[in-house]
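So the sequence shown is residues 150 to 301, counted in this note's numbering. Report on the structure given below.
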Amino acid sequence: MKRLTAYVSGNVHQRGYRARVTDIARVLGLKGTVENLDDGRVKIIAEGDEDKLKWFEEAICIKNTLIDVSSIEKEYSTPRDDVNRFYKLVDRGETDSRLDTAADHLKNLIVAVNNMNQNIGGKIDQMNDNLSDKIDQMNDNLSDKIDQMNDN
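Now the structure itself:
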């Protein structure tokens, strides 16, 4: 058993990084905490088997659309066994702030989806008009052909 203390830099605040770290740690059966620091980094303390901690180190170096880890400072020490599972630490008022931000994002998504639906609706109406015109032309052509055949 070992204790890993890691300081993670990059775009890691308000991007779901701590939740991902928590999920990874719990799957691996690690114990510890993850928290945002005021300097923009994330501090992770994880305790567990050395093999699992090595895998954890690689897994927390996340780069995707939202999260971009640029560096991880790591230090190993003797485990303290002072927590019984892995926790995401949240500052006072952070949840309210995050909910307000999420509500703003949701409003923007609703507006974008409504605009997209209006745009698609207009295009569907235009396609219906074009199809209707083509069907009318085909009916006229077919009627003309039938009339020609009847005349012969």
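Ideal Cβ placement from N, Cα and C applies to all residues, glycine included. Model, not experiment: these values are computed from the prediction.
Asn160 carries a strand assignment under DSSP once its states are collapsed to helix, strand and coil. A distance of 8 Å or more separates the beta carbons of Leu179 and Lys223. In the DSSP assignment, Gly271 falls outside any beta strand (DSSP E) and within the unbroken alpha helix (DSSP H) covering Glu243 to Asp300.
Val232 carries a coil assignment under DSSP once its states are collapsed to helix, strand and coil.
In this structure, Ala174 sits near Gly181, with a CB-CB distance shorter than 8 Å. Glu184 and Ile259 have their C-alpha atoms some 31 Å from each other. Counting along the chain, Lys180 sits inside the beta strand (DSSP E) bounded by residues Lys180 to Asn185. Fewer than three pairs of CB atoms, one per stretch, sit closer than 8 Å, so the region 255-275 makes no contact with the region 207-214.
CA-CA distance, Asp187 to Leu238, rounds to 13 Å.
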